[in-house]
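Novice: Heads up: the sequence shown begins at 4 in my numbering, then just goes up one per residue. Glycine included, C-beta positions come from ideal geometry on N, C-alpha and C. Bear in mind that the values here come from a model prediction, so they are computed numbers and not experimental data.
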Amino acid sequence: MTSPRHFIDLSAVSADDLRFMLDDARARKERLKTGETDRPLAGKVLAMIFDKPSTRTRVSFDVGMRQLGGETIMLTGAEMQLGRSETIADTAKVLSRYVDAIMIRTTSHDRLLELAENATVPVINGLTDDTHPCQIMADIMTYEEHRGSVKDRLFAWTGDGNNVLHSLLEASARFGFRLNIAVPAGSEPQARYVEWARANGGRVTITQSPQEAVRGADCVVTDTWVSMGQEHRARGHNVFQPYQVNEALMRHAKEDALFMHCLPAHRGEEVTDEVIDGPHSVVFDEAENRLHAQKAVLAWCLKP
Ligand code: CP
Ligand code: NVA
4 MTSPRHFIDL
14 SAVSADDLRF
24 MLDDARARKE
34 RLKTGETDRP
44 LAGKVLAMIF
54 DKPSTRTRVS
64 FDVGMRQLGG
74 ETIMLTGAEM
84 QLGRSETIAD
94 TAKVLSRYVD
104 AIMIRTTSHD
114 RLLELAENAT
124 VPVINGLTDD
134 THPCQIMADI
144 MTYEEHRGSV
154 KDRLFAWTGD
164 GNNVLHSLLE
174 ASARFGFRLN
184 IAVPAGSEPQ
194 ARYVEWARAN
204 GGRVTITQSP
214 QEAVRGADCV
224 VTDTWVSMGQ
234 EHRARGHNVF
244 QPYQVNEALM
254 RHAKEDALFM
264 HCLPAHRGEE
274 VTDEVIDGPH
284 SVVFDEAENR
294 LHAQKAVLAW
304 CLKP
């Protein structure tokens, strides 16, 4: 039996397939607008497991699946036997007998990998402590809608070296854009993501100076200073304050730079109202494109 087509990480999917999905996402977005029928997943069921809260991922996968003709089942780990110590492996085997694909948002990346290893249907990463690939697919789609190809453009990340940054690092290699990272000492991204990106052609710099990272950037990206489930690692906000995206920092970027944030935002912390509600910001386009990008991911995973 051939193994299912999982969507675990951008590093695990070829650049050609990622590009195919983005083209497909654009086409499906267009079809939705023109009202053209687009129901390739009729009769298919997606199980969604959430071990952490979610607004965008939950609603966009649910709506996306319905728009493609399929259905969803919403599960939380705590309400399943998983919460009473049934193993991930057994859960994967059982769910594979019922549904056509599984989307999971969970804590450790190993839980996701174990689920994928034991499932006989595609598994999609809806965020782990380590990565958030669906978010970055939507972000690349959003950048390209506004400004054209990301190739050779300069993205700048400022703030915490977290899961969203890890997927952005993988994307920098897969899509060929440059990435400057500014993080306080002790909040660097995991070395294996930086090393993978560099080994695969990524052009990545890491500094502690947000002004240096943002200088001349085409796109400035940030995220919360405290990710879900990472509260124990939380550092005083004074450590991150210099990394806040405000108008003064945005002035170091290109005049027509975009501002991105995966949301939810902590206004007044990692970003000011002026920036997130201002002319550079495309945060709600990113949120919308979660729907379109994930429809392409679902169609790719479930391609006959
Ligand atoms: N950006 C994102 O994944 O949002 P949710 O946590 O609301 O799903
Ligand atoms: N880094 C954030 C992203 C939320 C979508 C978190 O993991 O909480």
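When burial is assigned at 16 or more other CB atoms within 10 Å of the CB, is K154 buried or exposed?
Specialist: Burial call: exposed.
Novice: Would you call the CB atoms of T134 and N183 closer than 9 Å?
Specialist: No; because the gap between Cβ atoms is not below 9 Å, this pair is not in contact.
Novice: Which of the three DSSP states, helix, strand or coil, is assigned to R206?
Specialist: Three-state result, R206: strand.
Novice: Can you name, in chain order, every residue of its own chain whose Cβ lies under 6 Å from the Cβ of R59, other than the five neighbours on each side?
Specialist: Here the set comprises A290 and R293.
Novice: Checking the sheet assignment: what are the DSSP bridge partners for C222?
Specialist: DSSP lists F158 and L261 as partners of C222.
Novice: With a threshold of 8 Å on Cβ separation, who are the neighbours of T75 within its own chain once the five nearest residues in sequence on each side are excluded?
Specialist: Only V48, L49, A50, M51, F64, D65, M68 and R69 meet the Cβ criterion.
Novice: So what does E147 bridge to, in DSSP terms?
Specialist: DSSP lists no partner for E147.
Novice: To the nearest angstrom, how far is the alpha carbon of K36 from that of K298?
Specialist: When rounded, the distance between both Cα atoms is 14 Å.
Novice: Is the distance from the Cβ of T225 to the Cβ of T145 below 9 Å?
Specialist: No. Outside cutoff.
Novice: Helix, strand or coil: how does DSSP classify I183 here?
Specialist: Before going on, a small fix: residue 183 reads as Asn here, not Ile. Strand.
Novice: Pull the bridge partners of L35 from the DSSP assignment, please.
Specialist: For L35, which the question treats as bridged, DSSP gives no partner whatsoever.
Novice: Flag this pair as touching only if the segment 265 to 283 and the segment 109 to 120 have three or more C-beta atom pairs under 8 Å; answer yes or no.
Specialist: Counting Cβ pairs under 8 Å, fewer than three are found: no touch.
Novice: Going by the C-beta, is C265 closer than 8 Å to any heavy atom of the ligand CP?
Specialist: Checking the Cβ of C265 against the ligand CP gives yes.
Novice: For G86, which residues from the same chain have a beta carbon less than 7 Å from its beta carbon, with the 5 sequence-adjacent residues on both sides left out?
Specialist: Contacts found: G80.
Novice: Which residues bound the alpha helix (DSSP H) around F178?
Specialist: Its alpha helix (DSSP H) spans residues N166 to F178.
Novice: Which value, in whole angstroms, describes the spacing of the CA atoms of R114 and T90?
Specialist: Cα to Cα, the separation comes out at about 10 Å.
Novice: Under DSSP, the beta strand (DSSP E) around I11 begins and ends at which residues?
Specialist: Neither: I11 is in no beta strand (DSSP E) and is coded neither H nor E.
Novice: Please work out which residues of its chain come closer than 6 Å, Cβ to Cβ, to D142, disregarding the five sequence neighbours upstream and downstream, and give them in chain order.
Specialist: M263 and E289.
Novice: Going by CA-CA distance only, name the one from D19, M24, L44 and F10 that's closest to P307.
Specialist: Here the closest residue by C-alpha is L44.
Novice: If I measure Cβ to Cβ from C137 and keep anything under 6 Å in the same chain, skipping five residues before and after, which residues do I get?
Specialist: So the list reads Q297, once near-sequence residues are dropped.
Novice: Can you tell me whether P56 sits near the ligand CP, meaning its C-beta is under 8 Å from at least one heavy atom of the ligand?
Specialist: Answer for P56: yes, Cβ within range of the ligand CP.
Novice: What's the C-alpha gap between A176 and M77?
Specialist: Approximately 34 Å between the Cα atoms of the pair.
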